[in-house]
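K.L.:
Could you have a look at this structure, given as structure tokens, before my questions?
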Amino acid sequence: MALQVHPDILSLSPYVPGKPIDELQRELGLTRVIKLASNENPLGPSPKALAALSGAQDMLHRYPDGGAYQLRQAIADRWKVAERQVILGNGSDEILGLLAKTFLSPGDEAIMADHTFVIYKMEVTAVHGKPVVVPLINWTHDLESMVRAVTPRTRLLFLCNPNNPTGTIVSAEAVDRLMATVPEDVIIVFDEAYFEYVRNPRFPDAMSYVKQGRNAIVLRTFSKIYGLAGLRIGYGISTVEIIGFLNRVRPPFNANSLAQKAALAALGDDEHVAKSRAINVAGMEQMEQGLRALSVPSIQTETNFLYFDAKRDGRLVFEALLREGIIVRHIDGTMLRVTIGRPDENAAFLQALEKVLHGERKEIARGL
Ligand SMILES: *Cc1c(COP(=O)(O)O)cnc(C)c1O
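According to the numbering used here, the sequence shown holds residues 97 to 464 in order.
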């Protein structure tokens, strides 16, 4: 008998993750594969996080601390909030899901940009909420149109800042105007996965809205600059009330014990964060220059990735790069996203891209 599946679930397609390195090696028989597809830290985790992990195997038969006392305390201290304002997730992805489950009844609306983190739409649809999609302007969130999209059914507004995949930010002034005009009962989700990479002084202090008691939540992750993507840990900071509701839905052991230990150590390693930021700044210059030289300039970014228009079928460019052993991300149409890696990885990417774009010119010249 046919399975009965809700049309909302049928409308979804499985998330396509960045291709794993060993899969590409197997498929194409390549020895060297460079992955610049998932915005991971090319330096890896903090050595302090790795040290915290060794020895942790002695307690793997025990359940983790479900309240994650030490890590939540450390995060609360860092951001000068109460411990009851902090929630952990199995990646900040999980907290996005908890927000949808907790606050959306079927038919409730959640506002988001058209080119943004794809998980928002997935989580909202999975609980039978309605994603309300507002186009970006100049690759940037259009906050005024987002406010205009609010209806009595609106419960959540997702603001990915900096935005993935474009790398752009919205300014403090723009967010101030948003907060002054949006109805107070709409929860503003500040997804700041790339917060630690931002250099622009106009970036807003989203945490200040939480501290004013506004219905807002700030999401951060240990997957990006902290280099712990494989352990799955992120956090949210919000009002005691919102965190309290999320905790009713949160699975009790969602933050595993290894992740808690490593994240605690990583949070205290400012030196590793500074080093990661510095290598990213240098790589950004290298990549921006290289893309400009190939006449496919990128959009100005505040993150560890670049978004650029390949000016031809992006899927074909993506596939040709795969054959060169370089994994990037095809977003859609002619647009690609590439993570800033180590200098040697960036150079290899630029060289491969030149070959791909140049080789294509030769084929066109030969009338293919
Ligand atoms: C990477 C990313 C996240 C979260 O990743 P987790 O690994 O689940 O913590 C959240 N939002 C955006 C925009 C991201 O790019």
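We treat Cβ as the ideally placed atom computed from N, Cα and C, and that holds for glycine.
Between the Cα of K451 and the Cα atoms of K320, A98, R168, E415, which residue gives the shortest distance?
P.N.:
Per the Cα distances, E415.
K.L.:
For K357, report the span of its alpha helix (DSSP H) as first-last.
P.N.:
Note, K357: alpha helix (DSSP H), 353-363.
K.L.:
Specify whether the stretch 270-282 and the stretch 220-230 touch according to this definition: at least 3 beta carbon pairs, one from each stretch, less than 8 Å apart.
P.N.:
No, they do not touch.
K.L.:
Specify the secondary structure class of L108 as computed by DSSP and reduced to three states.
P.N.:
If DSSP states are grouped into helix, strand and coil, L108 belongs with coil.
K.L.:
Mind checking who Y305 pairs with in its DSSP beta bridge?
P.N.:
Looking at the DSSP assignment, Y305 forms no beta bridge with any residue, so it has no partner.
K.L.:
Mind checking whether the beta-carbon of S372 lies closer than 8 Å to any heavy atom of ligand 1?
P.N.:
Answer for S372: no, Cβ out of range of ligand 1.
K.L.:
Which runs of the alpha helix (DSSP H) spanning at least 4 residues fall entirely within the stretch 248-325, listed in chain order?
P.N.:
With a minimum length of 4 residues, the continuous alpha helix (DSSP H) runs that stay inside the stretch 248-325 are 268-277, 302-307.
K.L.:
Can you say whether Y111 is buried or exposed, counting buried as having 16 or more other CB atoms within 10 angstroms of its CB?
P.N.:
Y111 is exposed by the Cβ-count criterion.
K.L.:
Below 9 Å between beta carbons: does that hold for K371 and L139?
P.N.:
A contact, by the Cβ cut-off of 9 Å.
K.L.:
To the nearest angstrom, how far is the alpha carbon of K407 from that of N442?
P.N.:
Going by the C-alpha atoms only, they are around 20 Å apart.
K.L.:
Would you check if the stretch 164-175 and the stretch 353-367 touch, i.e. whether three or more CB-CB distances between them fall below 8 Å?
P.N.:
Output reads yes: the stretch 164-175 touches the stretch 353-367.
K.L.:
Relative to the alpha-carbon of F286, which residue among N257, E292, D428, Q181 has its alpha-carbon at the smallest distance?
P.N.:
Residue N257 is the option with its Cα nearest to F286.
K.L.:
For the stretch 184-199 and the stretch 332-342, state whether three or more C-beta atom pairs, one from each stretch, are separated by less than 8 Å.
P.N.:
Because the criterion of three Cβ pairs below 8 Å is met, the stretch 184-199 and the stretch 332-342 touch.
K.L.:
Who pairs with R433 in a beta bridge, going by DSSP?
P.N.:
Paired residue(s): Y403, R425.
K.L.:
Rounding to the nearest angstrom, what Cα-Cα distance links T317 and A98 in this structure?
P.N.:
Whole-angstrom Cα-Cα distance: 40 Å.
K.L.:
With 16 as the cutoff for other CB atoms within 10 Å, does K176 come out buried or exposed?
P.N.:
When all chains shown are included, K176 counts as exposed.
K.L.:
DSSP has P227 in a bridge; who is on the other side?
P.N.:
The partner list for P227 (beta bridge, DSSP) reads A206.
K.L.:
The alpha helix (DSSP H) that contains L417, what's its start and end?
P.N.:
Start and end: 410-419.
K.L.:
Classify I375 as helix, strand or coil using the three-state DSSP reduction.
P.N.:
Correct three-state label for I375: helix.
K.L.:
When DSSP labels each residue in this structure, what does G330 get in the three-state scheme?
P.N.:
Note: G330 maps to strand in three-state DSSP.
K.L.:
Between which residues of its own chain and D210 is the CB-CB distance below 8 Å, once the five residues before and five after are set aside?
P.N.:
Excluding positions up to five away in sequence, the list reads V229, V230, P231, L232.
K.L.:
Please return the same chain residues whose Cβ sits closer than 8 Å to the Cβ of M155, not counting the five positions on each side in sequence.
P.N.:
Closer than 8 Å at the Cβ level, and outside the excluded window around M155, lie S353.
K.L.:
Over what stretch of residues does the alpha helix (DSSP H) that includes V220 continue unbroken?
P.N.:
Residues 215-222.
K.L.:
With a threshold of 8 Å on Cβ separation, who are the neighbours of V377 within its own chain once the five nearest residues in sequence on each side are excluded?
P.N.:
Around V377: R295.
K.L.:
Compute the minimum distance between the beta carbon of G330 and the heavy atoms of ligand 1, and state whether it is under 8 Å.
P.N.:
The answer is yes for G330.
K.L.:
Would you kindly check if the distance between the Cβ of A325 and the Cβ of N186 is under 9 Å?
P.N.:
No, the pair does not count as a contact, with Cβ atoms beyond the cut-off.
K.L.:
Which residues in the same chain have their Cβ closer than 6 Å to the Cβ of E136, if we skip the five residues on either side of it in sequence?
P.N.:
Closer than 6 Å at Cβ, skipping near neighbours: A325.
K.L.:
Closer than 8 Å to a non-hydrogen atom of ligand 1 - does that hold for the CB of F299?
P.N.:
Not so, every heavy atom of ligand 1 lies at least 8 Å from the Cβ.
K.L.:
Should N442 be listed as close to ligand 1, given that the test is whether its C-beta is under 8 Å from any heavy atom?
P.N.:
Incorrect: N442 has no Cβ contact closer than 8 Å to ligand 1.
K.L.:
Under the three-state reduction of DSSP, which class applies to L71: helix, strand or coil?
P.N.:
This structure cannot settle anything about residue 71, because the visible part of the chain is limited to 97 through 464.
K.L.:
Let me check one thing: in DSSP terms, what residues is T236 bridge-paired to?
P.N.:
The partner list for T236 (beta bridge, DSSP) reads I233.
K.L.:
Heavy atom of ligand 1 less than 8 Å from the Cβ of L192, yes or no?
P.N.:
Yes - ligand 1 has a heavy atom lying nearer than 8 Å to the Cβ of L192.
K.L.:
At a cut-off of 8 Å, would you count G151 as near ligand 1, judging by its Cβ distance to the nearest heavy atom?
P.N.:
Result no, Cβ not under 8 Å from ligand 1.
K.L.:
Where I191 and I284 are concerned, what is the direct C-alpha to C-alpha distance, given to the nearest angstrom?
P.N.:
Answer to the nearest angstrom: the Cα atoms are 13 Å apart.
K.L.:
Roughly how many whole angstroms lie between the Cα atoms of L412 and E420?
P.N.:
Between L412 and E420, the C-alpha separation is close to 13 Å.
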